[in-house]
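*Asks:* Sending over a structure as structure tokens; questions will come in a sec.
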Ligand SMILES: Cc1cc2nc3c(=O)[nH]c(=O)nc-3n(C[C@H](O)[C@H](O)[C@H](O)COP(=O)(O)OP(=O)(O)OC[C@H]3O[C@@H](n4cnc5c(N)ncnc54)[C@H](O)[C@@H]3O)c2cc1C
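Residue numbers (my numbering): 3 to 402.
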């Protein structure tokens with residue numbers, strides 16, 4: 003069923019999450035006509051997330067202090083032999099507030115925002131002509147829109163995977179699934195996040211406790227092959243009720259909200275094609291070591307806007323013209339992410355030698371600055387040479 007005559011815009015952005023709304027805002031500010039479609043009732047409503055990311059990104063896009071949950075000054079990582087503490091400058095947000103705020107910002111900049119509109123199909127007729135089919139989630143009616151570029155900012159299970167160029171790069175064996183619960187009471191102190199890399203939880207996975215204003219955001223997650231073995235919800239229950247390091251902090255607290263979601267921890271090699279760009283989780287732009295993707299989603303939106311603007315100016319929407327976007331991403335964070343992907347592969351392989359190995363490798367490589375050479379050897383030999391100790395506090399960590 004067609005709803006109305008075919009609409010036309012320069013750009014269709016599929017998904018008003020972080021990447022989509024920021025890209026929409028940046029493009030609309032340049033006078034480009036942008037249609038921003040969100041399948042949910044409002045942005046962030048069903049998003050599962052810890053909501054932790056670097057403050058400079060928050061400051062760049064948020065002017066309203068009420069969006070902030072907590073300012074975070076320390077990352078505390080719990081490892082089998084003790085904890086490692088890093089200074090940081092981060093924030094926590096609730097995604098249902100943050101994403102909605104960003105979508106409203108895009109609208110205020112001139113983008114046409116429509117909620118409860120799910121993009122269900124698209125066809126690239128030729129570079130510069132894309133026909134997308136949209137389903138009105140309320141009425142179930144289908145309608146069509148014609149655009150010059152379609153931007154996929156629609157999260158892990160992106161519609162872009164209809165295109166074999168993107169589909170063949172998917173590597174779901176490196177994806178994770180995680181549950182994020184909100185539970186009553188913010189932890190004390192409220193400017194620290196606790197991250198548990200403990201093999202008794204998962205050989206390659208983690209648990210977390212992040213503070214919000216009035217609640218705690220807690221969760222557990224691991225790579226998909228691990229999850230086949232034990233249901234994640236059961237693990238989260240264990241994390242709250244009986245896991246020694248966390249039960250004393252969490253036991254008996256009322257659960258306020260429950261959500262789960264995929265974390266696509268494998269970035270695609272090709273991020274664009276004729277008239278198509280992939281941003282954020284749709285492109286697997288997530289740290290495979292820490293499961294963090296918010297900073298990358300913002301970086302990707304920022305990298306995409308000038309490329310789209312140029313394509314519209316020159317009326318060149320070919321894959322070759324849009325390749326600039328891939329190059330910008332590579333420069334901003336792609337190379338770093340690829341190094342992390344290599345390390346993640348080694349870590350996952352190391353599980354074959356015992357369940358302590360993934361965290362040993364992570365500690366030596368990612369937290370190595372905290373340990374002397376001798377203590378790094380102790381980590382690798384742990385537990386036979388005793389507990390490794392750290393040499394210094396107060397170092398900042400880049401844990402995207
Ligand atoms: C449990 C969990 C905890 C996490 N914790 C953190 C954390 O603390 N810090 C961090 O940095 N990262 C975290 N991440 C990762 C982070 O949530 C993602 O990397 C980030 O949300 C990516 O943003 P995005 O805009 O690319 O995609 P999304 O946030 O997934 O947004 C996609 C949007 O598109 C909409 N959409 C989807 N399909 C369609 C469609 N067909 N039509 C229209 N709209 C559509 C969705 O409803 C959504 O609003 C976590 C992930 C999970 C699962």
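Don't be surprised by glycine CBs; every beta carbon is placed ideally from N, CA and C.
Note that the coordinates shown come from a computational prediction; the quantities given were computed from them, not determined experimentally.
1. Less than 6 Å between C-beta atoms, sequence neighbours within five positions excluded: which residues of the same chain meet that for residue 50?
2. Using the Cβ count rule (16 or more neighbours within 10 Å means buried), how would you classify residue 84?
3. Tell me whether residue 382 sits in a helix, a strand or coil according to DSSP, three-state version.
4. Could you name the residues of the same chain whose beta carbon sits closer than 6 Å to that of residue 40, not counting the 5 residues immediately before and after it, in chain order?
5. Could you give the DSSP three-state label for residue 20: helix, strand or coil?
6. Going by DSSP, what residue range makes up the beta strand (DSSP E) through residue 196?
7. Go through the stretch 182–237 residue by residue and report every complete run of the beta strand (DSSP E) that reaches 3 residues or more, in order.
8. Short of 6 Å in beta carbon distance, which residues of its chain neighbour residue 248, apart from the five on each side in sequence? Order them along the chain.
9. In or out: residue 221 buried (at least 16 other Cβ within 10 Å) or exposed?
10. Does the distance from the CB of residue 72 to the CB of residue 48 come in under 8 Å?
11. Is residue 10 helix, strand or coil when you go by DSSP?
12. For the candidate residues 354, 14, 26, whose alpha-carbon lies nearest to that of residue 104?
13. Does the Cβ of residue 376 have 16 or more other Cβ atoms within 10 Å, making it buried, or fewer, making it exposed?
14. With a threshold of 8 Å, are at least 3 pairs of Cβ atoms found where one atom belongs to the stretch 331–348 and the other to the stretch 54–61?
15. Please determine whether the Cβ atom of residue 48 lies at a distance below 7 Å from any heavy atom of ligand 2.
16. Would you list the residues sitting across from residue 323 in a DSSP beta bridge?
17. If you follow the beta strand (DSSP E) that residue 144 is in, where does it begin and where does it stop?
18. By alpha-carbon positions, which one of 43, 327, 90 ends up nearest to residue 138?
19. When DSSP builds the beta bridges, which residues end up paired with residue 73?
20. So if DSSP puts residue 343 in a beta bridge, which residue, or which two residues, is it bridged to?
21. Should residue 336 be listed as close to ligand 1, given that the test is whether its C-beta is under 7 Å from any heavy atom?
22. If we require 3 or more residues per run, which beta strand (DSSP E) segments fall completely within the stretch 31–83?
23. Quick test of your reading: residue 327 and residue 273, contact by CB under 8 Å. State the CB separation rounded to the nearest angstrom.
24. Between residue 265 and ligand 1, is there a pair consisting of the residue's CB and a ligand heavy atom that are separated by less than 7 Å?
25. Taking the alpha carbon of residue 159 as the reference point, which residue from 331, 265, 82, 189 has its own alpha carbon closest?
26. Within the present structure, is the beta-carbon of residue 279 separated from the nearest heavy atom of ligand 1 by less than 7 Å?
27. Quick one, which of 86, 187, 323, 177 has its alpha-carbon nearest residue 276's?
28. Quick one: residues in its chain with C-beta nearer than 8 Å to the C-beta of residue 207, no 5 flanking neighbours on either side, listed in chain order?
29. List the DSSP bridge partners of residue 121.
30. Can you tell me whether residue 55 is buried or exposed, with buried defined as 16 or more other CB within 10 angstroms of its CB?
31. Count the other C-beta atoms from every protein chain shown that fall within 10 angstroms of the C-beta of residue 286, then say buried if there are 16 or more, exposed otherwise.
32. With a threshold of 7 Å on Cβ separation, who are the neighbours of residue 2 within its own chain once the five nearest residues in sequence on each side are excluded?
33. For residue 386 and residue 380, what's the separation of their Cα atoms in angstroms?
34. Can you round the beta-carbon distance between residue 309 and residue 330 to whole angstroms, since I take them to be within the 8 Å contact cut?
35. Label residue 96 either buried or exposed according to how many other C-beta atoms from any shown protein chain fall within 10 Å of its C-beta, with 16 as the threshold for buried.
36. Hey, quick one: how far does the beta strand (DSSP E) through residue 259 stretch, first residue to last?
*Replies:* Let me lay it out:
1. Taking the first residue of the chain shown as position 1, residue 50 is located at position 48. Counting only Cβ-Cβ distances below 6 Å, and skipping sequence neighbours, we find 182, 261, 262, 263.
2. In the chain shown, counting from the first residue as 1, residue 84 sits at position 82. Classification for residue 84: exposed.
3. For the purposes of this step, residue 382 is identified with residue 380 of the chain shown, where counting begins at 1. Three-state result, residue 382: helix.
4. For the purposes of this step, residue 40 is taken as residue 38 along the chain shown, with counting starting at 1. Excluding residues within five positions, the ones whose Cβ falls inside 6 Å are 18, 117.
5. Along the chain shown, read from residue 1 onward, the residue named residue 20 stands at position 18. Three-state result, residue 20: helix.
6. As a working mapping, residue 196 is identified with position 194 in the chain shown. Looking at the DSSP string, the run of the beta strand (DSSP E) that includes residue 196 is 194–198.
7. 194–198, 207–213, 217–225
8. Taking the chain shown and counting its residues from 1, one reaches residue 248 at position 246. Counting only Cβ-Cβ distances below 6 Å, and skipping sequence neighbours, we find 241.
9. Residue numbering aside, residue 221 sits at position 219 when the chain shown is read from its first letter. Classification for residue 221: buried.
10. Counting from 1 along the chain shown, the entry for residue 72 is found at position 70. Counting from 1 along the chain shown, the entry for residue 48 is found at position 46. No.
11. Numbered from its first residue, the chain shown carries residue 10 at position 8. Looking at residue 10 - three-state DSSP - the assignment turns out to be strand.
12. To locate residue 104, count along the chain shown from 1; it is residue 102. Checked all of 354, 14, 26; the closest Cα to residue 104 is 26.
13. Residue 376 sits at position 374 when you count from the first residue of the chain shown. So residue 376 counts as exposed.
14. no
15. Summarising the ligand content, the structure contains ligand 1 and does not contain ligand 2.
16. Taking the chain shown and counting its residues from 1, the one referred to as residue 323 is at position 321. None; residue 323 has no bridge partner.
17. Locating residue 144 in the chain shown gives position 142, where the first residue counts as 1. Note, residue 144: beta strand (DSSP E), 144–149.
18. The residue given as residue 138 occupies position 136 in the chain shown. Of 43, 327, 90, the residue nearest in Cα terms is 43.
19. Numbered from its first residue, the chain shown carries residue 73 at position 71. DSSP output for residue 73 lists 93 as bridge partner(s).
20. Position 341 of the chain shown, counted from the first residue, corresponds to residue 343. DSSP output for residue 343 lists no bridge partner at all.
21. Locating residue 336 in the chain shown gives position 334, counting from the first residue. No.
22. 36–39, 54–56, 70–81
23. Locating residue 327 in the chain shown gives position 325, counting from the first residue. Locating residue 273 in the chain shown gives position 271, counting from the first residue. Sure, about 6 Å apart at Cβ, within 8 Å.
24. On the chain shown, position 263 is the one that residue 265 refers to. At least one heavy atom of ligand 1 is nearer than 7 Å to the Cβ of residue 265, so yes.
25. Position 157 of the chain shown holds residue 159. Measuring from the Cα of residue 159, the nearest candidate turns out to be 265.
26. For the purposes of this step, residue 279 is identified with residue 277 of the chain shown, where counting begins at 1. Residue 279: no, Cβ never under 7 Å from ligand 1.
27. Counting from 1 along the chain shown, the entry for residue 276 is found at position 274. When each option's Cα is compared against that of residue 276, the closest is 323.
28. Residue mapping note: residue 207 aligns to position 205 of the chain shown, counting from 1. Within the same chain, residue 207 has close Cβ partners 178, 222, 223, 224, 225, 228.
29. Mapped onto the chain shown, residue 121 falls at position 119. In the DSSP output, where bridge partners are listed per residue, residue 121 has 136.
30. Position 53 of the chain shown, counted from the first residue, corresponds to residue 55. That one is buried.
31. Along the chain shown, read from residue 1 onward, the residue named residue 286 stands at position 284. When all chains shown are included, residue 286 counts as buried.
32. Shown here, the chain extends from 3 to 402; a query on residue 2 therefore has no answer.
33. The sequence position of residue 386 within the chain shown is 384, counting from 1. The sequence position of residue 380 within the chain shown is 378, counting from 1. Near 8 Å, if we compare the C-alpha coordinates of residue 380 and residue 386.
34. Counting from 1 along the chain shown, the entry for residue 309 is found at position 307. Counting from 1 along the chain shown, the entry for residue 330 is found at position 328. Yes, they are in contact, since the Cβ atoms of residue 309 and residue 330 sit about 7 Å apart, within 8 Å.
35. One-based indexing of the chain shown puts residue 96 at position 94. Its Cβ being crowded by 16 or more others within 10 Å, residue 96 is buried.
36. Here the question's residue 259 lines up with position 257 in the chain shown. From DSSP, the beta strand (DSSP E) with residue 259 extends over 257–265.
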